[in-house]
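Remarks on the structure that follows.
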């Protein structure tokens, strides 16, 4: 279980409030010194993103930009930054959390004596939220904000969610709905008999595995992200991986999108490189369908879907990513391009409805037949 | 609680297997009689759909089409119908359920000695599934098939889901993930202290209400469909409404899409008119944001979003629907068109983050200020 004592929700909130306070105090100091108030904001662009070979994460570099108050092109963004910071402080103080859409409405108003709005569009407040995350080194969840909620989970473990003790081994056919915020102040792990985590891309496959009670027989935590895993799902998996020492297996389709879903879980994404450290699981194992599985499992031609131009383009891009430069990945992606087709996990149902449960996953895990 | 004893899962499955068997026996009989084998399939098109004033449901009419074996344009569909029926029988016999995507893969193969596939595309098998639903008068869930799963639920009630007893009053921040199939063989209601059901369109609003423990204070079941309610959510609400005698309130945005979401919950949709009887809740009450709420709650101009052409077109279509012909709906839709703007529920956060929890919903319910 967690090595260090988790901080209380109040301690965590106070820590973030403190950071916001320091940002504001810095501005006040600059005003008093009659200098041009400015905030140093790490640059969130491809130019400042790199794959760190050692941590095996896509990380943000050290480049920063100065956001100045006395600068016609920056004054509005400067004001917006503090406006969002203030709303986050209110949320933290009141112990409430909200969506980034809601924050937009909370912060939107017409400036007194002017016709100018604080925000015209949510894209503006979303960008400022990301600026604040990197500037304060606080995830949006720590600012009490969240994006979409998606995904379900079952397995032989007991958690505490917002004070409620929940036995994930008794969740029926629906499962526990994974919340947007899965930080340690909301979710704690009480006991766990699982030996690994199985993340499946598709909800329908999750359903199949849950109905077959795969997780009970195979002692695993069964998670679906319904497509690309949300931040809440990724953060939760990383915490289970670190705190409970559970390996993570990722079951995706045999296509470039499946590879992408896996790679974001493994080392983060380019657009949100600053969060990799808190979300990514570099040891995640790829259990997805592979081009060579077509022959290996004697799959029928019926399940082949021709790669389209977009697929080919994406696959070629992936060949060039430093995080896919290892031999096994170059081979895998080249195999897909050579084969000229992709396959969905559901292709296995063409053999038998429970083939994925009874043969595919147990066999691959037993033979350590995964990519990493 | 439910008036009649729920049938066991086996009894329910046997009943559906029996219907499939009769369909097949009919075909065999026609073959033996050397007539042209044919199935009578209710027509699922606008021409055969009407709003029934008495039941207040969008219902399918009596028109049928004959699908014949000895007919070049129908032979393939005839074969497909029995192929899907056979796969459903297999599912029912094995007690397994699966996605409509998976069924496509299960039924897809190249016909021996030909280059013809049984199915080339999932749209073909999806259409045949709908044909079977109307022909057998069995929902797809009764054929052990399901579409997408989406939505969460909490509240002061205890349910049984696939044999697991789940206290929905102790589900933390995430909630219980509503499964795709919510028929009585999967979900049973054990005890309930709720006095009504509150369905909110948006997950973020659901989160706000759950965090504020609105459902505990106000004794309600809190449900979100994350956008348009899935079949699983709608079926579950109808069952709670009927079996537990709970009124249903629907909280949606002030826009044509919000009205549409409400209207599908209330009387079903045109495209799936045959399922209305098992899914719709004609007594559902509209608690959504209304154009007149703008003045009533003294909302700021900041939250107004101009109607676009598509919105105006949809609103005008709705004015013509028989299920919106009552005076209050004509006024409501006309108000929206006159105002020329729409509003999201999150607009209420512009006043205060918990305005929706503390003022909007309790006040509207207390004053019976809803539309129906």
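Protein chains in written order, with our numbering: chain A, 337 to 708; chain B, 337 to 708.
C-beta atoms are modelled at their ideal positions from N, C-alpha and C, and glycine is treated no differently.
Cβ of residue 514 of chain A within 8 angstroms of any chain B Cβ: yes
Boundaries of the beta strand (DSSP E) in which residue 522 of chain A is found, first to last residue: Run containing residue 522 of chain A: none; DSSP gives neither H nor E here.
Residue 707 of chain A CB to nearest heavy atom of the ligand ATP below 7 angstroms: With respect to the ligand ATP, the structure offers nothing, as it holds no ligand at all.
The segment 523-536 of chain A contacting the segment 519-538 of chain B, beta-carbon criterion three pairs below 8 angstroms: no
Of the residues B:465, B:434, B:389 and B:384, the one placed nearest residue 416 of chain B, counting alpha carbons only: B:465
Residue 711 of chain A - containing beta strand (DSSP E), residue span: Outside the displayed range of chain A (337 to 708) lies residue 711 of chain A, so it cannot be described from this structure.
Spatial distance of residue 446 of chain A from residue 685 of chain B (CA atoms): Rounded to the nearest whole angstrom, the CA to CA distance from residue 446 of chain A to residue 685 of chain B is 16 angstroms.
Buried or exposed (CB count within 10 angstroms, at least 16 for buried), residue 644 of chain B: Looking at its Cβ environment, which holds fewer than 16 other Cβ atoms inside 10 Å, residue 644 of chain B is exposed.
The segment 414-430 of chain B in contact with the segment 471-489 of chain B per 3-pair CB rule at 8 angstroms: Output reads yes: the segment 471-489 of chain B touches the segment 414-430 of chain B.
CA nearest to the CA of residue 484 of chain B, picked from B:438, B:432 and B:579: B:438
Min CB distance residue 632 of chain A to chain B below 8 angstroms: Judged by the 8 angstroms Cβ criterion, residue 632 of chain A is not in contact with chain B.
Interface positions of the segment 441-475 of chain A facing chain B (Cβ-Cβ less than 7 angstroms), listed along the chain: So the list reads 441, 442, 444, 445, 446 and 453, given in the order they occur along the chain.
Proximal residues to residue 647 of chain A (C-beta, below 7 angstroms), its chain only, five neighbours per side dropped: 591, 592 and 678
Per-residue DSSP class, three states only, for residue 541 of chain B: Residue state, collapsed to three classes: helix.
DSSP state of residue 361 of chain B mapped onto helix, strand, coil: helix
Cβ of residue 642 of chain B within 8 angstroms of any chain A Cβ: no
Within 8 angstroms of chain A by C-beta, residues of the segment 565-596 of chain B in sequence order: none
Distance, residue 400 of chain B Cα to residue 414 of chain B Cα: 15 angstroms
CB contact below 8 angstroms: residue 502 of chain A versus chain B: yes
Own chain, CB closer than 8 angstroms to residue 566 of chain A, minus 5 neighbours either side, in chain order: These residues qualify, in order along the chain: 483, 484, 485, 486, 487, 514 and 516.
Beta-carbon contacts of residue 546 of chain A that lie in its chain and below 8 angstroms, excluding the five residues immediately before and after: 490, 509, 511 and 558
Extent of the continuous beta strand (DSSP E) run through residue 403 of chain A: Run containing residue 403 of chain A: 400-404, per the beta strand (DSSP E) assignment.
Near-chain A residues of the segment 519-549 of chain B - C-beta to any C-beta below 9 angstroms: For the segment 519-549 of chain B, which is checked against every Cβ of chain A, the residues closer than 9 angstroms are 522, 523, 538, 539, 540, 541, 542, 543, 544, 546, 547 and 548.
Enclosing alpha helix (DSSP H) for residue 436 of chain A [first to last residue]: For residue 436 of chain A, the uninterrupted alpha helix (DSSP H) segment begins and ends at 436-443.
Host alpha helix (DSSP H) of residue 415 of chain B (start-end): Counting along the chain, the alpha helix (DSSP H) containing residue 415 of chain B begins and ends at 411-430.
Reference residue 704 of chain A; option with closest CA among A:651, A:583 and A:656: A:583
Residue of B:363, B:692, B:365 and B:619 minimising C-alpha distance to residue 585 of chain B: B:619
Beta-ladder partner(s) of residue 529 of chain A, from DSSP: In the DSSP output, where bridge partners are listed per residue, residue 529 of chain A has none listed.
Pair within 8 angstroms by beta-carbon distance, residue 385 of chain B and residue 393 of chain B: no
Contained alpha helix (DSSP H) runs [length at least 4] in the segment 616-653 of chain A, N- to C-terminal order: 629-632
Simplified DSSP state of residue 488 of chain B, which is helix, strand or coil: Looking at residue 488 of chain B - three-state DSSP - the assignment turns out to be strand.
Per DSSP, the bridge partner or partners of residue 500 of chain B: B:497
Three-state secondary structure (DSSP) of residue 340 of chain B: Because residue 340 of chain B sits at a pLDDT of 49, beneath the cut-off of 50, its placement in the model cannot be relied upon, and the point is left open.
Simplified DSSP assignment, three categories, for residue 512 of chain B: In this structure, residue 512 of chain B counts as strand in the three-state DSSP scheme.
Against chain B: residues of the segment 653-686 of chain A by CB proximity under 7 angstroms: So the list reads 682, 683, 685 and 686, given in the order they occur along the chain.
CB of residue 623 of chain B within 8 angstroms of CB of residue 587 of chain B, strictly: With a cutoff of 8 angstroms on beta-carbon distance, residue 623 of chain B and residue 587 of chain B are scored as near each other.
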